[in-house]
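Top to bottom, those sequences are chains A and B.
Okay, so the first sequence: first residue is 1 according to UniProt numbering, each after it adds one.
Okay, so the second sequence: first residue is 1 according to UniProt numbering, each after it adds one.
Just so you know, even glycine gets a beta-carbon here, dropped at the ideal spot from N, CA and C.
Protein chains: 2
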Amino acid sequence: MAVRVDLNVSLDGFATTTDQTAENPFGEDWSRLVAAYTATRTFRSRVLGDDSGAGTTGLDDRYAQEYFENIGAEIMGAGMFGLHQHPDDAEWRGWWGDEPPFEVPVFVLTHSPRDSIEFANGTVFHFLSATPEEVLQQALAAAGEADVRIGGGVETVRQFLHAGLVDRLHLAVNPLVIGSGERIWDDLRGVEKDYGFRAEVAESGVTHVTFRRD
Amino acid sequence: MAVRVDLNVSLDGFATTTDQTAENPFGEDWSRLVAAYTATRTFRSRVLGDDSGAGTTGLDDRYAQEYFENIGAEIMGAGMFGLHQHPDDAEWRGWWGDEPPFEVPVFVLTHSPRDSIEFANGTVFHFLSATPEEVLQQALAAAGEADVRIGGGVETVRQFLHAGLVDRLHLAVNPLVIGSGERIWDDLRGVEKDYGFRAEVAESGVTHVTFRRD
Chain A
1 MAVRVDLNVS LDGFATTTDQ TAENPFGEDW SRLVAAYTAT RTFRSRVLGD DSGAGTTGLD
61 DRYAQEYFEN IGAEIMGAGM FGLHQHPDDA EWRGWWGDEP PFEVPVFVLT HSPRDSIEFA
121 NGTVFHFLSA TPEEVLQQAL AAAGEADVRI GGGVETVRQF LHAGLVDRLH LAVNPLVIGS
181 GERIWDDLRG VEKDYGFRAE VAESGVTHVT FRRD
Chain B
1 MAVRVDLNVS LDGFATTTDQ TAENPFGEDW SRLVAAYTAT RTFRSRVLGD DSGAGTTGLD
61 DRYAQEYFEN IGAEIMGAGM FGLHQHPDDA EWRGWWGDEP PFEVPVFVLT HSPRDSIEFA
121 NGTVFHFLSA TPEEVLQQAL AAAGEADVRI GGGVETVRQF LHAGLVDRLH LAVNPLVIGS
181 GERIWDDLRG VEKDYGFRAE VAESGVTHVT FRRD
């Protein structure tokens, strides 16, 4: 079992975008940042339910397949679940509708825990006020032999990297310069010293960068 | 003829380092940042004068060869020539001793021009107080059919990129997270829109990223 991170980042290291407007609530940068990933056959099938076989099948798709393989539990920050935008809404069940694309226990770090939320597809959100080490212990127990993903956001990922808790960091570096947002690299000077390194370039121009010690 | 930039940068985009100390005036980060480049056979031969054939011969070396090919003139900032460290030293002739590794006219941007300095190996430093467009016009004229390199530092490179004057930006992205220094990407949001893109991974783990429009 390994503790894994997968993120799409820009060449300048941003994993979030800031060009959202009232007219364009997602902004344009986000779709550019995830374009190669969302173009894969695996994304189209696993996330969009499109089983026509459409989508790219090269290196980006191989990484997309690995992304979905062998995950037994996920950890995310309160912001990724939406608690910062919905602090007082006891009925808030996340952004993902009735079928959150996790299908495993998800541990949400928050200073204001609430009751667990269970979905029919196997996704169960648990809310914990805990240190990274503590929540990881619970997630590993829930995952059994499978891996645990630190899903996001960027600050949560950096917190786990900083604590030395991540075994495999995979970044899909997209050929864009975004200029603002949350940068994966801040405060991670020297992180490479604890890991083996590999980089591969996909047909899309995305460089898949992996630090791993497992 | 093309206007070219070649830089070694870290994964987090830094092309300069900040760990210099009195005991270790170059710091350790710099040698790590340029390790793959200085390991090439081309660097050893062209810069160190080592013609024994030692050095790497893979993709890093191919880029090192291209680095030295077809340059007819160079442009650099005052800091790269050393004018910031030696502002009042009229005898200062740069960091490079009697054989500066340029062998072409070099145009140094400075608010305090001084007389040109000529070396026996063909290197001539000219000092200009001028806009990027103006100095480029002179460098292109001096280069004839050959290319012009914007040598550095980072701020000078960004200035030329910002002005849309660079035809080919080659970054050797080294698998290090340095955490501080001068970042190539700052203020360059959207720069990719004007260029074709290519990335290739060398045996060393360095990703050679190239934006080009020529």
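Item: Nearest candidate by alpha-carbon position, reference Trp92/A, set Pro101/A, Pro100/A, Gly82/A, Glu99/A; Value: Gly82/A
Item: Inter-stretch contact at 8 Å, needing at least 3 Cβ pairs: the stretch 180–192 of chain A / the stretch 71–79 of chain A; Value: no
Item: Residue from Asp60/B, Val9/B, Trp96/B, Asp29/B with nearest C-alpha to Val47/B; Value: Trp96/B
Item: Cβ separation of Ala172/B and Ala35/B, assumed to be a contact under 8 Å, to the nearest whole Å; Value: The Cβ separation is near 10 Å, so there is no contact.
Item: Extent of the continuous beta strand (DSSP E) to which Leu128/B belongs; Value: 124–128
Item: Coarse secondary structure for Leu140/A, derived from DSSP in three states; Value: helix
Item: Chain B contacts from the stretch 168–185 of chain A (Cβ-Cβ distance under 7 Å); Value: Pro175, Leu176, Val177, Ile178, Gly179, Trp185
Item: Beta carbon proximity, Asp88/A to chain B, threshold 8 Å; Value: no
Item: Coarse secondary structure for Ser10/A, derived from DSSP in three states; Value: strand
Item: 6 Å CB neighbourhood of Glu99/A in its chain, flanking five on each side removed; Value: Asn121
Item: Residue-level contact to chain B via CB, Thr207/A, 8 Å cutoff; Value: yes
Item: Residues, ordered as in the chain, of the stretch 188–207 of chain A that lie near chain B by beta-carbon distance below 7 Å; Value: Leu188, Arg189, Gly190, Val191, Glu192, Phe197, Ala199, Glu200, Val201, Gly205, Thr207
Item: Distance between beta carbons of Leu11/A and Val177/A, contact taken as under 8 Å; Value: 6 Å
Item: Contacts of Leu165/B in chain A (Cβ-Cβ under 8 Å); Value: Within 8 Å Cβ-Cβ: nothing; Leu165/B doesn't reach chain A, min ~17 Å.
Item: Test: Asp12/B CB closer than 8 Å to a CB of chain A; Value: yes
Item: Sequence-distant residues of the same chain with beta carbon closer than 8 Å to Asp167/A, five excluded per side; Value: Ala2, Val3, Arg4, Arg212, Arg213, Asp214
Item: Ala130/A versus Leu109/A - alpha carbon distance; Value: 7 Å
Item: Beta-bridge pairing of Thr207/B - partner residues as DSSP gives them; Value: Val173/B, Val201/B
Item: Stretch-stretch touch, CB-based, cutoff 8 Å, three pairs: the stretch 17–34 of chain A with the stretch 150–169 of chain A; Value: no
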